[in-house]
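A.B. asks: Structure incoming, see below.
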Amino acid sequence: MVVAVVGKEEVVVANSVIPHILAQNTSSVVDTQPLDYRYACLDQSGIKTSDKYQTNLNSLLSSFISDSSTSNGFGNRSLGSSDDYDRSNSMVYGLYLCRGDVNSSICHSCVQNCSNLIQQHCPNNASAVLWYPFCVLRYSNQYFFGNLTMTPRIPMFDVTQNFTSAGEFDSDARILMNGLIQTGSEAELMFGTHMFNINGTQKRYGWVQCTRDITSEECRTCLSNMLEDVEDCCEGKRVWRIFSPSCVVMYETQPFFVDGTGTIAPTSQPGEESSNRRSMLIAIVVVSAVLVLALLTFCTVYFRCLKRKKEDGLNKVFSEDQEGEDSMNADLPMMPLSTILQTTYTEKRLKLEWKLRLSIINGIAKGLLYLHEDSRLRVIHRDLKASNILLDHEMNPKISDFGWQEFFGEDVKQANNSQRLWGYMAPEYAMEGFIFSEV
Numbered sequence: 001m002v003v004a005v006v007g008k009e010e011v012v013v014a015n016s017v018i019p020h021i022l023a024q025n026t027s028s029v030v031d032t033q034p035l036d037y038r039y040a041c042l043d044q045s046g047i048k049t050s051d052k053y054q055t056n057l058n059s060l061l062s063s064f065i066s067d068s069s070t071s072n073g074f075g076n077r078s079l080g081s082s083d084d085y086d087r088s089n090s091m092v093y094g095l096y097l098c099r100g101d102v103n104s105s106i107c108h109s110c111v112q113n114c115s116n117l118i119q120q121h122c123p124n125n126a127s128a129v130l131w132y133p134f135c136v137l138r139y140s141n142q143y144f145f146g147n148l149t150m151t152p153r154i155p156m157f158d159v160t161q162n163f164t165s166a167g168e169f170d171s172d173a174r175i176l177m178n179g180l181i182q183t184g185s186e187a188e189l190m191f192g193t194h195m196f197n198i199n200g201t202q203k204r205y206g207w208v209q210c211t212r213d214i215t216s217e218e219c220r221t222c223l224s225n226m227l228e229d230v231e232d233c234c235e236g237k238r239v240w241r242i243f244s245p246s247c248v249v250m251y252e253t254q255p256f257f258v259d260g261t262g263t264i265a266p267t268s269q270p271g272e273e274s275s276n277r278r279s280m281l282i283a284i285v286v287v288s289a290v291l292v293l294a295l296l297t298f299c300t301v302y303f304r305c306l307k308r309k310k311e312d313g314l315n316k317v318f319s320e321d322q323e324g325e326d327s328m329n330a331d332l333p334m335m336p337l338s339t340i341l342q343t344t345y346t347e348k349r350l351k352l353e354w355k356l357r358l359s360i361i362n363g364i365a366k367g368l369l370y371l372h373e374d375s376r377l378r379v380i381h382r383d384l385k386a387s388n389i390l391l392d393h394e395m396n397p398k399i400s401d402f403g404w405q406e407f408f409g410e411d412v413k414q415a416n417n418s419q420r421l422w423g424y425m426a427p428e429y430a431m432e433g434f435i436f437s438e439v
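Counting from 1, position 108 in the sequence shown corresponds to residue 108 in the UniProt record's numbering; the numbering is continuous, with no gaps.
Take a look at the structure:
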């Protein structure tokens, strides 16, 4: 047993190293394990406890034992009358905190053991704190709820396990533990555990917790200060724990987290972990491929629809606003040949019979023959294409769009000719005779 004195505080340590005592069934470990605990008997005022104080303390501890079987792992309470003339000697304040990874049954057994042990080791002390593997118990005759208390600090470490690399703690463990401190201090229960991979091969297990009467910021401050003490007390050690009244930090090489059933949470074997990683990688690749394929399909369909709408809009404008006298005066229900062809190719169900196709071809040929031979003026269209061939309701072709034609005199085989073109004319002006102010 090691005894240390910090100021007026007597700190008694039950064991000097951490024995590996965690068994697979932790519900029985609480009652049968060796004395793996730490306690501090604190006489801050030097005033001996009165009989009334002891009575209040016994009642407080009994209430903690009763409440711990149904609580969420934390409780604080005060007993005593505020109008007592000797309030400083009879008023008692206390709290208990169970580890965030244990169930109510383990919590109840731990608080019960702590209550018995703390009275055995500190029978006449007005203030004391005891750290057990699964809980911490603290009481005092001074109000301490909501006060960040980081002393006394009691370290525990395994002298038989040292870092294989001298800089392991500085390079890896400190970064990982700082991250755990950040997440644990912000958690609802102010508690956090995590398994780390050091150098990709070695597993380490971290654990942090604070009493729930302090704020998240105070919790983070307390845990960070405990981590700073590692260099002074436990440098080079792979297994260590540091206790203070307001927080606890642990770092070990073996799993010690407890699940809801009271057993040590199993860790995956190397083969299992590799298989899980491979399965996760395959799943990520498959999901990514599906998403990319879906995106490409959507983009293809979208741009095709957009292109079709643009072409339909242009065909509609050109058919309604044909340059030339014929286009202004004609009011015939016709459809451009290009629209028929486009519809035929995009919608496979629409098919033109060859007889109808031949009739359209012959009609176009007759129109060209008229322009070249029978017309008073020889006309070279120069822009003959499917979109300039209109079809009426009987599918008779009509050549349109004479905005770029050239006229030649009869029997003239070569000449230079200049003709006036209509140019652009607003459709509403060409059709209705009025024009909007915007134009």
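Glycine included, C-beta positions come from ideal geometry on N, C-alpha and C.
1) Distance, Cα to Cα, VAL129 vs SER68?
2) When the Cα atoms are used, what is the spatial distance from SER216 to GLN182?
3) HIS372 by DSSP, collapsed to three states: which one?
4) Going by other Cβ atoms of all chains shown within 10 Å of its Cβ, with 16 needed for buried, is ARG138 buried or exposed?
5) Which two residues bound the contiguous alpha helix (DSSP H) that contains ASN76?
6) Beta carbon of PHE134, beta carbon of VAL239: below 9 Å?
7) Alpha helix (DSSP H) containing HIS194: first to last residue?
8) I need the DSSP call for ARG99, collapsed to helix, strand or coil.
9) Of all the options TYR370, TYR37, HIS393 and LEU291, which has the alpha carbon lying nearest to the alpha carbon of ILE399?
10) Assuming TYR143 contacts TYR93 under a Cβ cut-off of 8 Å, what Cβ separation, rounded to an integer in Å, is found between them?
11) From the DSSP output, in three-state form, read off ALA386 for me.
12) Please report the straight-line C-alpha distance between ALA330 and ILE389, rounded to a whole angstrom.
13) Comparing C-alpha positions only, which one of GLU394, ARG376 and LEU117 sits nearest to GLY363?
14) Quick one: is SER127 buried, meaning 16 or more other Cβ sit within 10 Å of its Cβ, or exposed?
15) Pick helix, strand or coil for SER105, following the three-state DSSP scheme.
16) Start and end of the alpha helix (DSSP H) containing LEU223?
17) Looking at ASP101 and VAL292, is the spacing between their C-beta atoms short of 9 Å?
18) Taking SER66 as part of the alpha helix (DSSP H), name the residues at either end of that continuous run.
19) Please work out which residues of its chain come closer than 6 Å, Cβ to Cβ, to ARG99, disregarding the five sequence neighbours upstream and downstream, and give them in chain order.
20) What is the DSSP secondary structure of VAL301, reduced to helix, strand or coil?
21) Do the CB positions of ARG212 and MET195 come within less than 9 Å of each other?
22) With 16 as the cutoff for other CB atoms within 10 Å, does GLN209 come out buried or exposed?
23) Within the continuous alpha helix (DSSP H) that includes GLY146, where are the two ends?
24) With DSSP run on the structure shown, which of helix, strand or coil describes ASN125?
25) Quick one: using the 10 Å Cβ neighbour count with 16 as the cut-off for buried, is TRP354 buried or exposed?
26) At the level of alpha carbons, what is the spacing between ALA365 and VAL287?
27) Would you call the region 56-65 in contact with the region 115-127, where contact means no fewer than 3 C-beta pairs closer than 8 Å?
28) Closest to GLN119 by CA distance: which of LEU368, CYS41 and ARG174 is it?
29) For GLY260 and ALA294, what's the separation of their Cα atoms in angstroms?
30) Does the beta-carbon of LYS385 have 16 or more other beta-carbons within 10 angstroms, so that it is buried, or is it exposed?
31) Pick helix, strand or coil for ALA187, following the three-state DSSP scheme.
32) What is the rounded straight-line gap between the Cα of SER244 and the Cα of VAL230?
C.D. replies: According to the data block:
1) If I take the Cα positions, the gap works out to 17 Å.
2) Linking SER216 to GLN182 through their CA atoms gives a straight-line distance of about 9 Å.
3) For HIS372, the three-state secondary structure derived from DSSP is helix.
4) Buried: at least 16 other Cβ atoms inside 10 Å.
5) Element bounds for ASN76: not the alpha helix (DSSP H) but the beta strand (DSSP E), 74-79.
6) Not a contact, by the Cβ cut-off of 9 Å.
7) It is not in any alpha helix (DSSP H) - HIS194 instead sits in the beta strand (DSSP E) that spans 191-198.
8) Annotated three-state conformation of ARG99 is coil, per DSSP.
9) Scanning TYR370, TYR37, HIS393 and LEU291 for the CA closest to the CA of ILE399 turns up TYR370.
10) A Cβ-Cβ separation of about 6 Å places TYR143 in contact with TYR93 under the 8 Å criterion.
11) In the structure shown, ALA386 sits in a helix (DSSP, three-state: H, G or I).
12) Here ALA330 scores only 46 on pLDDT, less than 50, and its place in the model should not be relied on; the value that follows carries that caveat. Each residue's Cα considered, the two are about 14 Å apart.
13) Comparing Cα-Cα distances from GLY363 to each of GLU394, ARG376 and LEU117, the minimum goes to GLU394.
14) With 16 or more Cβ atoms within 10 Å of its Cβ, SER127 is classed as buried.
15) SER105 falls in the helix class under three-state DSSP.
16) Counting along the chain, the alpha helix (DSSP H) containing LEU223 begins and ends at 216-228.
17) In this structure, VAL292 sits away from ASP101, with a CB-CB distance that is not shorter than 9 Å.
18) 51-67 is the span of the alpha helix (DSSP H), which, as asked, contains SER66.
19) So the list reads PHE134, once near-sequence residues are dropped.
20) VAL301: helix per DSSP, three-state reduction.
21) For ARG212 and MET195, no; Cβs fall outside 9 Å.
22) So GLN209 counts as buried.
23) Where GLY146 is concerned, there is no enclosing alpha helix (DSSP H), given that its DSSP letter is neither H nor E.
24) Correct three-state label for ASN125: coil.
25) Counting every other CB atom within 10 Å of its CB across the protein chains shown gives TRP354 a total below 16, marking it as exposed.
26) C-alpha separation (whole angstroms): 58 Å.
27) Inter-segment contact for the region 56-65 and the region 115-127 is present: three or more beta-carbon pairs are separated by less than 8 Å.
28) For the residues LEU368, CYS41 and ARG174, the minimum Cα distance to GLN119 belongs to CYS41.
29) Caution is warranted here: a pLDDT of 46 is assigned to GLY260, below 50, making its placement in the model unreliable, and the coordinate value is therefore given only provisionally. The alpha-carbon atoms of GLY260 and ALA294 are separated by roughly 42 Å.
30) Burial is judged here by how many other beta carbons sit within 10 angstroms of a residue's own beta carbon; LYS385 has fewer than 16 and is exposed.
31) The answer is coil: DSSP assigns ALA187 none of H, G, I, E or B.
32) CA-CA distance, SER244 to VAL230, rounds to 13 Å.
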